[in-house]
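S.K.:
2 protein chains.
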Amino acid sequence: MEFKLDKRLSDDTYLIGDLPLCRVLLMDVSNFPWVILVPRLQDKTELFQLSTSEQTDYQKETNYFLESMSTLYNSHKMNIASLGNLVSQLHTHVIVRFRYDDAWPNPVWSYPSMSRYNEMESNMEIDKIRKLVDDYI
Amino acid sequence: MEFKLDKRLSDDTYLIGDLPLCRVLLMDVSNFPWVILVPRLQDKTELFQLSTSEQTDYQKETNYFLESMSTLYNSHKMNIASLGNLVSQLHTHVIVRFRYDDAWPNPVWSYPSMSRYNEMESNMEIDKIRKLVDDYI
Numbered sequence: 520m521e522f523k524l525d526k527r528l529s530d531d532t533y534l535i536g537d538l539p540l541c542r543v544l545l546m547d548v549s550n551f552p553w554v555i556l557v558p559r560l561q562d563k564t565e566l567f568q569l570s571t572s573e574q575t576d577y578q579k580e581t582n583y584f585l586e587s588m589s590t591l592y593n594s595h596k597m598n599i600a601s602l603g604n605l606v607s608q609l610h611t612h613v614i615v616r617f618r619y620d621d622a623w624p625n626p627v628w629s630y631p632s633m634s635r636y637n638e639m640e641s642n643m644e645i646d647k648i649r650k651l652v653d654d655y656i
Numbered sequence: 520m521e522f523k524l525d526k527r528l529s530d531d532t533y534l535i536g537d538l539p540l541c542r543v544l545l546m547d548v549s550n551f552p553w554v555i556l557v558p559r560l561q562d563k564t565e566l567f568q569l570s571t572s573e574q575t576d577y578q579k580e581t582n583y584f585l586e587s588m589s590t591l592y593n594s595h596k597m598n599i600a601s602l603g604n605l606v607s608q609l610h611t612h613v614i615v616r617f618r619y620d621d622a623w624p625n626p627v628w629s630y631p632s633m634s635r636y637n638e639m640e641s642n643m644e645i646d647k648i649r650k651l652v653d654d655y656i
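Protein chains in written order, with this note's numbering: chain X, 520 to 656; chain C, 520 to 656.
#1: Can you list, in chain order, the stretches of the beta strand (DSSP E) that have 3 or more residues and sit fully within the stretch 597–639 of chain X?
#2: Does DSSP put residue 585 of chain X in a helix, in a strand, or in coil?
#3: Could you tell me which uninterrupted alpha helix (DSSP H) segments, each at least 4 residues in length, are contained entirely in the stretch 525–571 of chain C, listed from first to last along the chain?
#4: Cβ of residue 631 of chain C versus every heavy atom of the ligand FAD: is any distance shorter than 7 Å?
#5: Sort C:650, C:564, C:548 and C:644 by Cα distance to residue 631 of chain C and report the nearest one.
#6: Determine, for residue 634 of chain C, whether the minimum Cβ-Cβ distance to residues of chain X falls below 8 Å.
#7: Am I right that residue 612 of chain C and residue 555 of chain C are in contact with their C-beta atoms under 8 Å? What's the rounded C-beta distance?
#8: Closer than 8 Å, CB to CB, is residue 553 of chain X near chain C or not?
#9: Evaluate the contact criterion for the stretch 590–607 of chain C versus the stretch 616–633 of chain X: three or more CB pairs, one atom per stretch, below 8 Å.
#10: For residue 580 of chain C, count neighbouring Cβ atoms within 10 angstroms of its own Cβ and tell me buried if that reaches 16, exposed if not.
#11: Please look up how many angstroms separate the CB atoms of residue 574 of chain X and residue 582 of chain C, rounded, as I've assumed it's under 8 Å.
#12: Name the chain C residues whose beta carbon is nearer than 8 Å to that of residue 625 of chain X?
#13: Spell out whether any CB of chain C is found under 8 Å from the CB atom of residue 593 of chain X.
#14: Using a beta-carbon distance below 8 Å, is residue 596 of chain X in contact with chain C?
#15: Below 7 Å on C-beta distance, what does residue 616 of chain X contact in chain C?
#16: Leaving aside the five residues before and after residue 592 of chain X along the sequence, list all residues of the same chain whose C-beta is less than 6 Å from its C-beta, in chain order.
#17: Less than 8 Å between the C-beta atoms of residue 540 of chain C and residue 532 of chain C, yes or no?
#18: Confirm, please, whether the CB-CB distance from residue 537 of chain C to residue 608 of chain C is below 8 Å.
#19: Identify whether residue 523 of chain X lies in helix, strand or coil by the three-state DSSP scheme.
#20: Under 7 Å Cβ-Cβ, which residues of chain C neighbour residue 656 of chain X?
#21: Identify the contact partners of residue 572 of chain C in chain X, using a Cβ-Cβ distance below 7 Å as the criterion.
#22: What in chain X is Cβ-close to residue 637 of chain C, meaning under 8 Å?
#23: Give a yes or no on whether 8 Å exceeds the smallest Cβ distance from residue 565 of chain X to chain C.
#24: What does residue 538 of chain X touch in chain C if you count any residue whose Cβ is under 7 Å from its own?
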């Protein structure tokens, strides 16, 4: 069955590209560097539903994004979460945090005033993060 | 070097037991079934700092807890997150969510009125979750 991205995820993000397992999306929130990794699988809602080989790919890809975004942005902390209370399609948030960011030290979801990128900002972010996808081995 | 649990994690939790890699703690919050897995390693703050074999253990243990707690509590959704903005010692939250719980559909951290367990409640929860640790293969 063909993979179909949830409409809400699609509406709230920019498409960056595909890793072997996951689609990479840039969250349209300019307050925090924030990507979402979506395993291109149908009808999965929980991480434990992945096969062993899918889990290996998932872990490799999430760790790659944690480490490469930490380096790219010189983070103070990386946050990773799979929640899925609103969007059931399995997806994982990878978020770069700084000690001076808008929500620190709280989780980003506690921040009530998220802003969207303007066009110039989103293009710059997309270019930077697409390079991480291109560099994935 | 001997593993030493962060004081804040210790203060906010009940000790359940140890898996091969992770210490298992019950979060002292009665609103949500909520455990914290802490790899028994010194000076790790990010998942990507784990060795390959540690990552394998970490993934196996987190997936085991996601699946076994989902079954135990008949969850509507499992949430998993590694944040670490307040407590830098690497740790992962595994939280059982229900469509009728106090914070649904928001992340639990958005809920302002968390309650602690009373002694009977905490003993019941500890017994249930310790059985999951004992059953781990």
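Think of the CB as a built atom: it goes at the ideal place given N, C-alpha and C, for glycine as much as any other residue.
M.R.: Inspection of the coordinates gives the following:
#1: For secondary structure counted as the beta strand (DSSP E) over 3 or more consecutive residues, the stretch 597–639 of chain X holds these complete runs in sequence order: 611–616.
#2: The answer is helix: DSSP assigns residue 585 of chain X an H, G or I state.
#3: Within the stretch 525–571 of chain C, the complete alpha helix (DSSP H) runs of at least 4 residues are 526–530.
#4: This structure does not include the ligand FAD; it has no bound ligands of any sort.
#5: With distances taken between Cα atoms, residue 631 of chain C lies closest to C:548.
#6: No, residue 634 of chain C lies away from the interface with chain X (no Cβ there is under 8 Å from its Cβ).
#7: Sure, about 6 Å apart at Cβ, within 8 Å.
#8: So, not an interface residue.
#9: Contact holds: three or more Cβ-Cβ distances are below 8 Å.
#10: By the 10 Å Cβ count, residue 580 of chain C comes out buried.
#11: Their Cβ separation, rounded to whole angstroms, is 7 Å, which keeps residue 574 of chain X and residue 582 of chain C in contact under 8 Å.
#12: Per Cβ cutoff of 8 Å: 604 and 628.
#13: It does not; no Cβ of chain C falls within 8 Å.
#14: Yes, its Cβ sits closer than 8 Å to a Cβ of chain C.
#15: Under a criterion of Cβ atoms nearer than 7 Å, the residues of chain C adjacent to residue 616 of chain X are, in order, 604.
#16: Hits under 6 Å: 552 and 615.
#17: In this structure, residue 540 of chain C lies away from residue 532 of chain C, with their beta-carbon atoms at least 8 Å apart.
#18: Between residue 608 of chain C and residue 537 of chain C, the gap from beta carbon to beta carbon reaches 8 Å or more.
#19: Here residue 523 of chain X sits in coil by DSSP.
#20: Simply none; closest approach about 15 Å.
#21: Against chain X, the beta carbon of residue 572 of chain C has no neighbour under 7 Å; the closest one sits roughly 12 Å away.
#22: Correct list: empty, because the minimum Cβ distance to chain X is about 27 Å.
#23: True, the Cβ-Cβ gap to chain C drops below 8 Å.
#24: Neighbours of residue 538 of chain X on chain C: none; closest Cβ ~15 Å, over 7 Å.
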